[in-house]
Amino acid sequence: MKIATPAGYLESLESLERDVYVLGERCECAARHPMVRPAANAVAETYDLESEAEAERLLLTESHLTGRTVSRFTHIHQSTDDLVDKVLMQRFLGRRTATCFQRCVGMDGLNALYSVTHECDAAHGTGYHRRLRDYIEWVQDENVVVEGAMTDTKGDRSLRPGEQPDPDAFLHVVDQSAEGITVRGAKAHQTGAINSHEILVMPTTAMREGEEEYAVSFAVPADSKGVTFILGRQPSDTRKLEDSPLDVGNPMYGSQEALVVFDDVFVPRERVFMCGEVDVSGYVVERFAAFHRQSYGGCKVGVGDVLVGAARLASLYQGVDRASHVRDKMTEMVHLNETLFACGIACSSMGRATAAGNYEVDPLLANVCKLNVTRFPFEIARLLQDIAGGIVVTMPSEKDFRNPDIAPYLEKYLKCADGYTALDRVKILKFIENVTVGCGASAYLTESIHGAGSPQAQRIMIARLAELDKKAELARRIAGI
Ligand SMILES: Cc1cc2nc3c(=O)[nH]c(=O)nc-3n(C[C@H](O)[C@H](O)[C@H](O)COP(=O)(O)OP(=O)(O)OC[C@H]3O[C@@H](n4cnc5c(N)ncnc54)[C@H](O)[C@@H]3O)c2cc1C
């Protein structure tokens, strides 16, 4: 693997020559920008094989393409054990970063396309699967970060792609030749885009006859001509510019989304994995969504573990650790968190082989997993804020702690239980603020609702997979009807 360490990864970002905009200004070196760096640090953790004993087993595996050791983030799952290990890796990294480490979307996109390109070739005589395998082999050897770009900007939600007043509301092919295709449009809310080397584009919805130009999938380097990144804002994000790490709450790690604009970007044929095959476009969406809905049963659970720990510390520092209702609330937090984990493991264990030979998750259980994720983190956050107290949103700043005129007041009046300083208390409360209402809430809360599709998308899949008539038959037999 060419990029093999966190430092190597961070250096590799600096060599990319991209058009990145942060707060309205073009940013020469995005990776070093204080609003981007914590997110890059979170991705860098996916390259850290040394800090903990389990890291190597979880983060590395054997490529079925080459037999070489590769990052699991570039791997095509070969068994249900692989699917389970993916979830364990995500929980592990959620625990280390307490945020989104951004590398799952690409892994989930590659796994979805692996089986769909195989089926597309069988139906249409196209040669996409071979191309994709070559691309995956390259990604594995280079060990680059791939952003999975599905969500179009979508314009008027009531209109199909071809009916939009602006034809670029959904990314589409505007020109093609024997050498390649030219695409225009934009992908919204792109997690980790500014920390990625490659962008893997997929259609956002199942396309129909007449919508061939929108049924397109391809990969391009992040520094391709015509690609522009505009960093998305997060609550309290400019605290990262204030030189007050305490006020950030999780100063080392963060997440990041961007609007990625494709302004007539050329894609060579060998990186095109779908172009006009509307009948298989929906499979990419469904399979990517299923893999990504499984992912949430690992990553958010890891963050949940840190939140349970934060509740414990806050209760100790504030002298309520023995109160029965506080203990009960922590039990409830664990119950909710482990329920999410159980769903992530269940859809993995019940996975099955595709015609291409790779393994996909059980789609019904993956959708149940994600629908729970749209709710439980909010309840966990609510319980955590309850235990933390109102001070979560009324704390003074780090600069107040640094001012000798008022610091003694803070140390005196913000101290609670004996044995713990006011500053320790404030540190854990600032972290709780970060995840429940600050910039960390983008990843833990809003992403839990909309990432991998809004709740209604999961309900539609659950309804479709529910086999209601089969269940009615069970009831009919038992009731003797
Ligand atoms: C933090 C975060 C990270 C993300 N990361 C990625 C990423 O890395 N890659 C990626 O591709 N995407 C990513 N997404 C995008 C995510 O998949 C979308 O947010 C999600 O699919 C919802 O789309 P939307 O945000 O455009 O909301 P909208 O589509 O505007 O939905 C808003 C509401 O309208 C409803 N609605 C929408 N269309 C219709 C319709 N036609 N009929 C009826 N109701 C409708 C929805 O159900 C929802 O309730 C991310 C999102 C977030 C918030």
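Residues 200 to 680 in the working numbering are what the sequence shown lists, from first letter to last. We treat Cβ as the ideally placed atom computed from N, Cα and C, and that holds for glycine.
Could you check whether the Cβ of L233 sits closer than 8 angstroms to any heavy atom belonging to ligand 1?
Looking at the sequence itself, residue 233 is Pro, so the reference to Leu does not match. Every heavy atom of ligand 1 is 8 angstroms or more from the Cβ of P233, so no.
Sorted by chain position, which residues of the same chain lie with C-beta nearer than 8 angstroms to A254's C-beta, five sequence neighbours on each side aside?
D247, L248 and F291
How is the beta strand (DSSP E) around F369 delimited, first residue to last?
Here F369 belongs to no beta strand (DSSP E), and DSSP marks it neither H nor E.
Let me check you understand the geometry: is the CB of Q389 closer than 8 angstroms to at least one non-hydrogen atom of ligand 1?
yes
In the DSSP assignment, find the unbroken beta strand (DSSP E) run with Q455 in it and report its ends.
No beta strand (DSSP E) contains Q455, which DSSP labels as neither H nor E.
If you measure between the beta carbons of T279 and T268, is that distance less than 9 angstroms?
no
Apart from the five residues just before and just after P420, which ones in its own chain have a Cβ nearer than 7 angstroms to its Cβ?
H396 and E397
Tell me the residue span of the beta strand (DSSP E) that contains M473.
V471 to C474
Sorted by chain position, which residues of the same chain lie with C-beta nearer than 8 angstroms to V221's C-beta, five sequence neighbours on each side aside?
A229, H232, M234, V235 and L430
Using only CA atoms, which one of M594, R302 and G207 lies nearest to S454?
R302
Label K201 either buried or exposed according to how many other C-beta atoms from any shown protein chain fall within 10 Å of its C-beta, with 16 as the threshold for buried.
exposed
Is Q363 close to ligand 1? I mean its beta-carbon at under 8 angstroms from any heavy atom of the ligand.
no
Where does the unbroken beta strand (DSSP E) through G347 begin, and where does it stop?
V345 to A348
With a threshold of 8 angstroms (Cβ to nearest heavy atom), would P654 be considered close to ligand 1?
yes
Hey, out of T350, A606, I680 and Q277, whose CA is closest to V460's CA?
T350
Got a sec, what are the start and stop residues for the alpha helix (DSSP H) E257 sits in?
At residue 257 the sequence reads Leu, which differs from the Glu that was named. Looking at the DSSP string, the run of the alpha helix (DSSP H) that includes L257 is A254 to L258.
Between the segment 283-298 and the segment 493-504, do at least 3 Cβ pairs fall closer than 8 angstroms?
yes
So T279 is in the alpha helix (DSSP H); what residue range does that whole segment cover?
T279 to T296
Along the chain, where does the alpha helix (DSSP H) containing D307 start, and where does it finish?
C303 to H323
Between S211 and chain C, is any beta-carbon pair separated by less than 9 angstroms?
Absent here is chain C; the protein component of the structure consists of one chain.
Can you tell me whether DSSP reads E249 as helix, strand or coil?
coil
With DSSP collapsed to three states, give me the class of R551.
strand
What would DSSP say about V500, mapped onto helix, strand or coil?
helix
Contact set for T296: own chain, Cβ-Cβ below 7 angstroms, skip 5 residues either direction:
A241, E244 and Y452
Using DSSP's beta-bridge definition, name the partner residues of P467.
G379
Distance cut-off 8 angstroms: H371 Cβ against heavy atoms of ligand 1
no
Please return the same chain residues whose Cβ sits closer than 7 angstroms to the Cβ of G409, not counting the five positions on each side in sequence.
G361
Hey, F472 and T316 are a contact pair by Cβ (cut 8 angstroms); roughly how many whole angstroms apart?
6 angstroms
Where DSSP assigns a beta bridge to L667, which residues make up the other side?
None; L667 has no bridge partner.
Please determine, among A642, C638, N566 and R330, the residue with the shortest C-alpha to C-alpha distance to P467.
R330
4 or more residues per run - each alpha helix (DSSP H) lying fully within the segment 632-662:
646-649
Which class does Q517 belong to by DSSP, given the choice of helix, strand or coil?
helix
Rounded to the nearest angstrom, how far is the Cβ of C542 from that of V567, given a contact under 8 angstroms?
6 angstroms
Helix, strand or coil: how does DSSP classify S357 here?
coil
In angstroms with no decimal places, state the Cα-to-Cα distance between K386 and L613.
45 angstroms
Kindly provide the ranges of any alpha helix (DSSP H) runs that are 4 or more residues long and lie completely inside the segment 572-604, ordered along the chain.
575-587 and 597-601
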